[in-house]
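Data first, discussion second: the structure below is written as structure tokens.
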């Protein structure tokens, strides 16, 4: 699993993946595993390019107070990747990029939101059952 790293001189977070430095290009690539068939094609379908500088700029202002991103942690699933961006003020922002093969981002994100809301309601109902 990638580790946190400090920001480099250009202001962009340095990226570390399983203990080694990686470039932004490697950040866009799928690195979570291998494929049994058509590996190059499967990896290319999971390639997600985005503007890292712009992402960090937006993340820096998400809580209304400007605080630069100082550390990044990359996480991947089969059809999406997420970055946990830690800001200098200690707050964290999660950015999610969905691979195009997962379906339209509007629906994949809406589905995840619905599942998280359902999970929250389920947890609350279990708490009330335990207390009653």
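Residue numbers (the working numbering): 1428 to 1559.
Built from N, CA and C at the ideal position, the CB exists for glycine as well.
- Here residue 1519 carries a strand assignment [DSSP, helix/strand/coil].
- Less than 8 Å separates the beta-carbon of residue 1496 from that of residue 1514.
- For residue 1542, DSSP records no beta bridge to any residue.
- The alpha-carbon of residue 1481 is positioned some 31 Å away from that of residue 1462.
- The residue among 1518, 1470 and 1543 with its C-alpha nearest the C-alpha of residue 1507 is 1470.
- Per the C-alpha coordinates, the member of 1478, 1519 and 1504 positioned closest to residue 1494 is 1519.
- Contact between residue 1526 and residue 1475 is confirmed by a C-beta separation of about 6 Å, below the 8 Å threshold.
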